[in-house]
Every structure is written in C-alpha cells, then in structure tokens.
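Below is one structure; the comments refer to it alone.
There are 2 protein chains.
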Amino acid sequence: MPLLVVGSVAYDTISTPTETREMVIGGSAVHFSMAASFFAPVRLVGVVGEDWNEDHTSMLTARGIDMSGLEKKPGGKTFFWKGKYHSNMNDRDTLEVHLNVFGDFQPTLPDSFKRSDYVFLANGSPVTQMKVLEQVTSPKLVVADTMDLWIREQHDELLALLKRVDGLVLNDSEAKLLTGEENIVAAGKAVRQLGPKFVVVKKGEHGAMFFADHETYVLPAFPTADVVDPTGAGDSFAGGMMGYLAQEGKLDAETLKKAMAHGVLVASFNVEDFSLDRFRNLDKSEIDFRLTQYRKMLAF
Amino acid sequence: MPLLVVGSVAYDTISTPTETREMVIGGSAVHFSMAASFFAPVRLVGVVGEDWNEDHTSMLTARGIDMSGLEKKPGGKTFFWKGKYHSNMNDRDTLEVHLNVFGDFQPTLPDSFKRSDYVFLANGSPVTQMKVLEQVTSPKLVVADTMDLWIREQHDELLALLKRVDGLVLNDSEAKLLTGEENIVAAGKAVRQLGPKFVVVKKGEHGAMFFADHETYVLPAFPTADVVDPTGAGDSFAGGMMGYLAQEGKLDAETLKKAMAHGVLVASFNVEDFSLDRFRNLDKSEIDFRLTQYRKMLAF
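Protein chains in written order, with the UniProt record's numbering: chain A, 1 to 300; chain B, 1 to 300.
Take a look at the structure:
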C-alpha cells in the first residue's frame with residue numbers, strides 16, 4: 001500500500017573523525033523514503049531550491065519513490081545542514097543550518113497523493129504537520145516525528161497534533177523533555193497519555209522502545225562496530241518501520257513488532273556509510289539475512 | 001555446583017530523590033550472592049568490622065550462602081559507602097567512601113572453598129583477585145569484574161589477570177577506558193583480545209553485550225519504570241548470570257546466553273527496592289514469570 005512522507009530534503013556537509021563529505025543528499029524525507037523503498041512504494045512531498053541536482057530525483061525515482069510531490073522553488077536554495085561528529089560517533093555539533101526554502105515550506109499534496117493509507121509526518125513544525133494531515137483522505141495510519149525545538153516552542157500545537165495521530169516517534173531525550181519524566185519507560189508511557197495509540201522512543205545505539213496499551217517492549221540496536229555516519233539513522237528507522245507496515249497492510253501487535261525490528265535493521269545499514277551510500281548498495285536479501293541473525297541473537 | 005565469590009561486604013547509606021536509607025547492607029559480594037542464591041549454593045569470602053550485625057550473616061546463611069569465609073576484624077569497621085542518585089536514577093555522586101577493613105583485605109579461602117568449580121572475582125584490586133585465583137584448585141570457570149580505578153592505577157596487574165580468567169564483566173565506560181575504543185562493540189571485541197574467552201559489557205538501563213569468539217550479541221534490560229535504587233544492579237546481574245551457570249553446570253554458547261538473560265532479569269528485580277529488600281521478598285516463580293515475558297518481548 002502506498003506510503004506518503006512529508007519532510008525535509010536537504011544537502012548535508014558531514015564531518016566524522018576520519019572524513020568529510022560535502023553537499024551529500026540528506027533530509028528526513030529522503031532517508032525515510034530510501035529506507036521504506038525496500039518494502040513499499042513511497043510518495044515524497046518536500047521542497048528544494050534551484051541548486052537541487054535532478055540526478056538525485058532520478059536516483060530516488062528509480063527506487064520506486066514517487067517524486068512528483070517535490071516542489072522546486074525558483075531562486076531558492078535547498079535546506080543545508082553542516083555537522084561534525086565527535087569521536088564517539090554519537091554526539092555531534094551542528095556547525096551550520098540554513099533552512100532556505102524549507103523555512104516557509106507549505107506542503108501541498110498532489111491530488112494523487114491525498115488518498116494515502118500510510119502517512120509519515122517527518123520532523124517539522126506541528127502546525128505544518130497538521131496542515132498535511134488535513135489534506136489526507138481517511139488514512140489507515142498516521143505517524144509523526146518531532147524534535148526538541150517544537151516541544152519547546154510550539155508545545156500547544158504539538159499537543160493538538162498528538163491527539164490526531166496514531167503514532168509518535170521521538171528520541172529518548174525528547175520524550176523526557178516532553179513529559180518531564182526522567183526514566184525512559186515512564187516518559188514513553190506519559191507520551192502515550194498525550195494521545196497517540198503507540199509511541200516509539202528511539203535510543204540511538206541502544207535501540208528503540210515501543211509503548212502501546214498494555215504493551216511495553218524494547219528492541220536493541222543491531223550491534224555494529226562499523227559506524228561511518230549516523231546521520232539519518234532515526235529517519236531510516238522510521239522508514240523501515242513504516243515501509244514494512246505498508247507492505248504488510250495490517251496493524252496488529254505482532255506486525256507492529258516486526259515493523260520495529262525492520263526499522264532497527266534498516267537503520268543499522270544506514271550508519272555503515274555516508275548519506276544514502278549504503279542503501280544504494282544494499283540488497284533486500286542482506287536485510288533478510290541480518291533479520292535472521294537478529295532473531296537468533298534475541299532467542300535463548 | 002558451588003559458586004565462590006570474593007568481594008566487598010559493605011554498609012551503604014543511599015539517597016534517592018525521594019528517600020534516604022542509612023547503613024543498609026551492600027557490597028559487591030553481597031549483591032552478587034543474593035542474586036546467585038536463587039540458582040545455586042554460594043560461598044562468600046569477605047571481611048567486615050566489629051560493627052557488623054550478625055543478623056545479616058544469619059539472613060544470608062538462610063539463603064543458602066555459606067558465610068564461613070566472612071572474616072570479622074576485631075576493632076575494625078565495615079566498608080562504608082554513601083551515595084546520592086541524581087533525579088534520572090542513572091547518575092550518582094559518591095559522597096563518602098571509607099574502605100575500613102576492606103582496605104587491606106587479604107582474602108584467605110577456607111579449605112572447603114578451594115575446590116570451587118565456579119569463581120567470581122568481584123570488583124577489587126587485580127593483585128588481590130590474582131591472589132584469590134592462586135588459592136583455587138582447578139576451577140571450571142573464573143570470571144572477574146573490574147573498575148576504572150584499577151584500569152588507571154593497576155593497568156599491568158589487570159592485564160596479567162585478564163590472561164588468567166575465562167570471562168570479564170565490566171561497564172561500557174570501563175571497556176572504552178581500557179581499550180581506547182569509543183564504540184561499545186569495538187571496545188568489547190578489543191577487551192576480548194586482552195585474554196578472556198568472553199567479555200560482558202554492562203550498559204545499565206540499556207542491558208548488556210556479550211563478546212566471544214565469532215559471537216557478539218546484546219540483550220536489552222527488562223523495561224521498568226519502577227527504579228527505586230540501582231545500587232548493586234551490576235553485581236546482581238553477575239550473580240544471576242554466574243548462579244545460572246553454576247546451576248546448569250555447562251558452558252556452551254546457548255547456556256551462556258540463557259545465563260546472560262537471567263542476569264538481566266535478576267538485576268531488574270534488584271533495582272525495584274533498596275539494598276536487598278526486593279530479593280528478600282522475591283520468589284523464584286517471579287523470575288520465571290518475568291523470563292517468559294522477556295522471551296515474548298524479544299520474539300517477533
């Protein structure tokens with residue numbers, strides 16, 4: 001079933017302790033779409049500037065991602081992020097952010113996108129996320145991401161959104177910030193009280209936790225020593241999860257857990273190279289093989 | 001099969017954001033022994049001062065812990081630790097440490113303890129740990145714990161010990177300190193290169209990782225919002241793990257993983273109350289029930 005994602009499309013300049021890559025393709029909607037494309041057809045809505053390289057549109061289209069919702073603003077520049085990872089590869093400093101055309105992004109869904117069963121509102125202002133939601137016709141599942149900026153600066157708008165979505169995906173620090181709870185489990189449960197039927201708390205290298213009615217669980221990250229670039233890991237997780245759900249077309253507890261596992265695994269590939277490079281060289285059979293390893297790892 | 005533990009026996013004064021408990025029983029060997037006692041007979045070797053309350057000896061003896069290796073130093077005082085947890089219940093400040101009689105502890109094994117198949121060298125100076133090892137007759141499995149102090153101040157002695165033990169249990173930050181690796185997986189693998197056949201890296205609220213030849217895995221912590229006092233969680237983990245191994249009497253990969261799982265679960269109970277209070281009210285059937293929940297949580 002078709003999966004719609006609305007979010008940022010960006011160029012990133014990323015420094016790790018050993019290497020710098022300039023102006024590589026990134027953004028939440030892009031990482032999400034690539035990850036999801038292993039499982040289901042994806043519809044992307046975003047905005048870029050005149051500096052956008054059309055080869056990137058072609059590359060994403062070739063992955064089964066419908067790019068007809070990508071708006072190109074004449075005279076504008078694409079969202080740009082420049083960051084530098086610390087030697088632990090978990091912490092990072094943002095050196096530059098230029099929102100550019102993303103700053104006043106007013107997403108308009110192509111008519112053909114309005115009927116999308118699965119919808120992911122990637123990180124963005126809750127006001128914008130709500131406007132997207134209002135354009136979608138009877139979706140089966142709407143999941144949103146958010147971040148500390150919106151929790152702090154558009155708190156009421158975010159609370160209003162949370163009453164309208166089925167699921168929320170956010171980082172552990174964000175869950176704590178949103179609820180004032182310092183224990184991750186308590187925070188996850190408290191977020192769920194704000195409206196979503198389920199909440200996924202991402203813990204980076206430690207995996208992800210799931211909270212729903214009468215159900216709390218954690219899935220660890222797939223252990224890897226080979227972390228090249230963690231940028232987009234969270235969006236890749238969401239893409240793997242939502243892509244799997246769209247592929248399966250059902251939302252029972254068992255399918256949701258399998259979707260979480262697929263999110264964890266797809267994210268574990270994303271970090272193995274810069275930008276989309278690992279995904280571009282990734283075969284579905286590698287995901288399936290790692291899934292087998294992961295299942296074995298968690299069985300005793 | 002009998003399980004020997006040599007380590008600290010202490011009185012702790014513990015403050016959490018909501019409560020303070022003064023002079024409660026603690027210490028690595030005590031937490032370890034209580035956790036292990038659910039699975040196997042335990043032999044404890046440690047030292048206390050004249051302030052030791054003999055009721056505590058009786059309580060531990062009643063759990064199947066052989067306390068005949070507990071030395072009581074006339075005129076001495078028992079190891080005392082005073083700590084305060086931050087509101088996140090993960091970070092803590094040590095307010096006071098008085099090693100007292102533990103400061104020049106020279107463990108001497110009772111003759112009846114020398115033939116112990118399973119041996120745990122709880123956190124202590126690697127010189128002392130080595131002296132214990134020299135008193136043990138052909139053990140089946142020797143596992144040691146260590147800490148940042150010894151990694152920094154008795155580095156060569158620790159490296160010598162690591163060539164003599166089968167397993168090492170340490171925290172993630174300690175594994176990084178010992179190896180200079182900043183990625184946990186890389187650090188765990190590097191520790192193994194120092195000698196032990198297997199290494200367990202404890203990640204606190206995120207669970208524990210296992211490293212052996214051709215095998216790396218992670219088991220998440222059992223999710224709980226009910227963290228009352230994390231003191232001794234790491235020793236409880238080790239006690240659950242070693243106790244299960246001693247109960248099973250075998251060391252194959254499958255048994256080791258089950259032992260890790262039991263360590264995780266037993267530690268999850270330990271944090272639910274101060275000192276040994278949760279263990280004192282814990283029934284083996286509760287561990288078994290949580291094991292079923294944990295297995296279900298990790299299956300998809």
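Note that beta-carbon positions come from the ideal geometry of N, C-alpha and C, so glycine has one too.
- Between the region 214-228 of chain B and the region 106-121 of chain B, the count of C-beta pairs closer than 8 angstroms stays below three; the two stretches do not touch.
- Checking the DSSP bridge columns, you'll see N171 (chain B) partnered with B:K202.
- Taking a C-beta cut-off of 8 angstroms against chain A, the contacting residues of the region 199-231 of chain B are K203, E205, H206, G207, M209, T216, Y217, V218, L219, P220, A221, P223, T224, A225 and V227, listed in chain order.
- Using a Cβ distance threshold of 8 angstroms, N90 (chain A) and G204 (chain A) count as a contacting pair.
- Taking each of B:W81, B:L245 and B:M260 in turn and checking the Cα distance to F211 (chain B), the smallest one comes out for B:M260.
- Counting only unbroken stretches of 4 or more residues, the alpha helix (DSSP H) elements lying wholly within the region 59-140 of chain A are 126-135, in sequence order.
- Between D229 (chain A) and V264 (chain A), the C-beta spacing is not below 8 angstroms.
- Within a 10 Å sphere around the beta-carbon of G207 (chain A) sit 16 or more other beta-carbons, which makes this residue buried.
- Excluding residues up to 5 positions away in sequence, G167 and A212 lie with their Cβ nearer than 6 angstroms to the Cβ of F198 (chain A) in the same chain.
- Boundaries of the beta strand (DSSP E) around F210 (chain B): A208 to A212.
- Following the DSSP letters along the chain, one finds L44 (chain A) in no alpha helix (DSSP H) but inside the beta strand (DSSP E) bounded by residues V42 to V48.
- Taking 8 angstroms as the threshold, the shortest C-beta distance from L168 (chain A) to chain B does not fall below it.
- A buried status is given to P126 (chain B), since no fewer than 16 other beta-carbon atoms sit within 10 Å of its beta-carbon.
- Of the residues assessed, A62 (chain B) falls on the exposed side of the cut-off, its CB having fewer than 16 other CB atoms within 10 angstroms.
- Looking at the DSSP output, A10 (chain B) bridges to B:G26 and B:F79.
- In this structure, V143 (chain A) sits away from F102 (chain A), with a CB-CB distance that is not shorter than 8 angstroms.
- The Cβ-Cβ distance between V266 (chain A) and F105 (chain A) does not fall below 8 angstroms.
- In this structure the region 67-78 of chain A does not lie against the region 15-32 of chain B, because fewer than three pairs of beta carbons, one per stretch, are closer than 8 angstroms.
- Rounded to the nearest whole angstrom, the CA to CA distance from A186 (chain B) to F269 (chain B) is 30 angstroms.
- Taking 8 angstroms as the cut-off, the beta carbon of N183 (chain B) is found no closer than this to the beta carbon of K202 (chain B).
- 8 angstroms or more divides the Cβ of Q129 (chain B) from the Cβ of K114 (chain B).
- Taking a Cβ-Cβ threshold of 7 angstroms, the residues of chain A close to L298 (chain B) are L298, in chain order.
- Here the alpha carbon of M297 (chain B) sits roughly 17 angstroms from the alpha carbon of M241 (chain A).
- Residue state for E286 (chain A) is assigned as helix, using DSSP reduced to three classes.
- Spanning the alpha carbons of S8 (chain A) and L178 (chain A) requires a straight line of approximately 22 angstroms.
- Counting along the chain, T216 (chain A) sits inside the beta strand (DSSP E) bounded by residues E215 to L219.
- A contact between stretches requires three or more CB pairs, one per stretch, nearer than 8 angstroms, and the region 28-36 of chain B meets this requirement with the region 241-253 of chain B.
- Burial check for S275 (chain A): the Cβ neighbour count within 10 Å reaches 16 or more, so the residue is buried.
- Residue pairing of T20 (chain A) in beta bridges, as defined by DSSP: A:S15.
- Considering only beta carbons, the part of the region 82-93 of chain A lying closer than 7 angstroms to chain B consists of S87, N88 and M89, in chain order.
- Residues of chain B whose Cβ lies closer than 7 angstroms to the Cβ of V185 (chain A) are, in chain order, P223, T224 and A225.
- Within the same chain, S15, R92, D93 and L95 come within 7 angstroms of K84 (chain B) by CB-CB distance, once the 5 residues on both sides are set aside.
- Taking a C-beta cut-off of 8 angstroms against chain B, none of the residues of the region 236-251 of chain A qualify.
- Taking a Cβ-Cβ threshold of 8 angstroms, the residues of chain A close to E254 (chain B) are F300, in chain order.
- Interface flag for E182 (chain A) against chain B is set, since a Cβ pair is found closer than 8 angstroms.
- In the three-state reduction of the DSSP assignment, V143 (chain A) falls in the strand class, which pools E and B.
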